[in-house]
Ligand code: SF4
Ligand code: SF4
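Protein chains in written order, with our numbering: chain W, 10 to 213; chain Z, 27 to 356.
Dropping the structure here:
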């Protein structure tokens, strides 16, 4: 294909315009239509297709609790508060940007200045009853402190169960065991992205 | 003495037929789910027992322990009676159907048919049509508009397909000259070429279509099509009453499969090296599979299309078939 093919905006030649079936006018045409509608090979094509799929046995079921799909890093689930890799301190500096940008007003935080004159976050909570998982908070955070995790199994007796600071903050022992996972960033590819790459169906 | 033996033998046969077909009907629900799932690239039931085989036991427990709800405005006695009619007629129809060739057990000759009456075809079709009282009464007593619509459709469908199935089966009966299913079976005893399906292909097609209508399987499942009438006549039923309808439907499926196999596909005559009983099982399984296969592949048709096709296409064809057969016979 060359550039002039792309510049050709007249797509009509490839289109098939269907005029619709003409209404039958006399008895013979009605009869012909009945025969045409009654005896159709398409029915057997349908039978063959489902039978072929059965023989091929290309099953797409994910047996959920036993098997799980890998979540893409772009997936926006319950938030996580991360710690600094060097010191293990909380990354959040209490700047309040996330609280400010949140469009459903569901982040609440409390800060105070500790004895070393540093601002620390004493309380941080997200009301997941209102959060729309837009991802603005994670995007605005200058410290990569609040990020979206991929934990989607959040059935609970209380919707507050996931939204307090101690729920979201990486626990110290997880951190010490080097289990804290860095947020790969928005738009990151999933680990198994290669498997899904296909040739583009277009000609070029 | 002899009469007592016959009575005891009949009772034993009836119990065996009843329990085996009910069991097979239950098993068919599992097969249906599996086959449909495979055709739709799913796995179907997997968790109860190996590959979900015990799913039917789980279903049974569920059906038996479920709360039995009778709607406030329903006509209670009729509401209770309807599923029983549906199930009993489905099983009664099997009384005149032979399943396997005769065999001897402990020196005693056994014919695997509950009762060899000489009007078996008439009997089976008659009892099967009485079965429409199940859906009809259920729909009318439920005080639910979907049920009522389902009942109306059931009657309309019955009136349409009964004509076709009756007329289409007339031609083979004219050729054989007997209404007994055993005679029909014996008529085709000289190999595959003597099957009636070759001599009466049109009658076979018509009867098979009528069979699909009779068991209200897709593409003719107008009377309980979810998208149009919720669950048709069975909308208000739950628990074991609904289960009875279900068992009746599957029993009907088995009866129709057996009928088609006997009348058109050589019945339980041995084919080449395959013994008769096995041949019969294979044929019936093929028909059950066909029911599921068609359900996975074809869309369903509207009730008006169903009536159109029955009265304007199939019935004239059946009559023409009878006329041609008559000319060929004289
Ligand atoms: S994801 Fe959106 S709605 Fe939820 S807390 Fe963050 S900014 Fe607010
Ligand atoms: S934007 Fe980040 S650093 Fe600022 S308060 Fe929110 S979580 Fe803390």
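Each residue gets a CB set at the ideal place from its N, CA and C atoms; glycine is no exception.
- The residues 128, 129, in chain order, have a CB closer than 8 Å to that of residue 122 of chain W in the same chain once the five nearest residues on each side in sequence are set aside.
- Taking the C-beta atoms as reference points, residue 297 of chain Z is found no nearer than 8 Å to residue 345 of chain Z.
- Contact annotation: residue 62 of chain Z and residue 229 of chain Z have beta-carbon atoms that are not nearer than 8 Å.
- Per the coordinates, the alpha-carbon of residue 73 of chain Z lies some 29 Å from the alpha-carbon of residue 204 of chain W.
- In this structure, the beta-carbon distance from residue 161 of chain Z to residue 139 of chain Z does not fall below 8 Å.
- Beta bridge pairing from DSSP links residue 297 of chain Z with Z:300.
- In this chain, the beta strand (DSSP E) harbouring residue 134 of chain Z covers 134 to 136.
- Taking C-beta separations shorter than 7 Å and ignoring five residues to either side along the sequence, the partners of residue 291 of chain Z in its chain run 221, 223, 309, following chain order.
- For residue 54 of chain W, the enclosing alpha helix (DSSP H) covers residues 51 to 65.
- Your pair residue 147 of chain Z and residue 208 of chain Z does not check out as a contact, with CB atoms roughly 11 Å apart and the cut at 8 Å.
- Distance from residue 157 of chain W to residue 164 of chain W at the Cβ level is roughly 18 Å; contact not present, criterion being Cβ atoms closer than 8 Å.
- If you check the CB distance, residue 87 of chain W and residue 160 of chain W come in under 8 Å.
- Around residue 92 of chain Z, the same chain offers 264, 265 as residues with beta carbons nearer than 7 Å, after the five sequence neighbours per side are excluded.
- The segment 80 to 87 of chain Z makes no contact with the segment 99 to 119 of chain Z, as fewer than three CB pairs between them are under 8 Å.
- Setting aside the 5 residues that flank it on each side, residue 95 of chain Z is surrounded in the same chain by 262, 264, 265, each with a C-beta closer than 8 Å to its C-beta; the list follows chain order.
- The segment 46 to 55 of chain Z makes contact with the segment 271 to 286 of chain Z: 3 or more CB pairs, one atom from each, lie closer than 8 Å.
- Note on geometry: alpha-carbon atoms of residue 32 of chain W and residue 59 of chain W lie some 33 Å from one another.
- If you look at residue 45 of chain Z, you'll find it in the alpha helix (DSSP H) that goes 28 to 65.
- Residue 62 of chain W reaches chain Z at 65, 67, counting residues in chain order whose Cβ is nearer than 7 Å.
- Residue state for residue 46 of chain W is assigned as helix, using DSSP reduced to three classes.
- With distances taken between CA atoms, residue 237 of chain Z lies nearest to Z:190 out of Z:315, Z:269, Z:190.
- For the segment 133 to 205 of chain W, the full-length beta strand (DSSP E) segments reaching 3 residues or more read 155 to 157 along the chain.
- Sequence-ordered contacts of the segment 64 to 80 of chain W with chain Z read 66, 67, 68, 69, 70, 72 [C-beta pairs closer than 8 Å].
- Note on residue 183 of chain Z: 16 or more other CB atoms within 10 angstroms of its CB, so buried under the neighbour-count rule.
- For residue 129 of chain Z, the pairing in a beta bridge is given by DSSP as Z:136.
- Residue contact check for residue 48 of chain W against chain Z: no CB pair falls below 8 Å.
- For residue 43 of chain W, the C-beta contacts it makes with chain Z under 9 Å involve 338, 339, in order along the chain.
- Spanning the alpha carbons of residue 246 of chain Z and residue 59 of chain Z requires a straight line of approximately 19 Å.
- For the pair of segments examined, the segment 42 to 51 of chain W was found not to touch the segment 170 to 185 of chain W: the number of CB pairs separated by less than 8 Å stays below three.
- Measuring C-alpha to C-alpha distances from residue 54 of chain W to each of Z:324, Z:351, Z:355 identifies Z:324 as the nearest.
- Counting along the chain, residue 153 of chain Z sits inside no beta strand (DSSP E); it lies in the alpha helix (DSSP H) bounded by residues 146 to 156.
- Under the DSSP assignment, residue 120 of chain W falls in the beta strand (DSSP E) whose first and last residues are 116 to 122.
- Between residue 168 of chain Z and residue 113 of chain Z, the C-beta spacing is not below 8 Å.
- For residue 89 of chain W, the enclosing beta strand (DSSP E) starts and ends at 88 to 90.
- By the rule that beta-carbons nearer than 8 Å mark a contact, residue 279 of chain Z does not touch chain W.
- The beta carbons of residue 313 of chain Z and residue 287 of chain Z sit about 6 Å from each other, so the pair counts as a contact at 8 Å.
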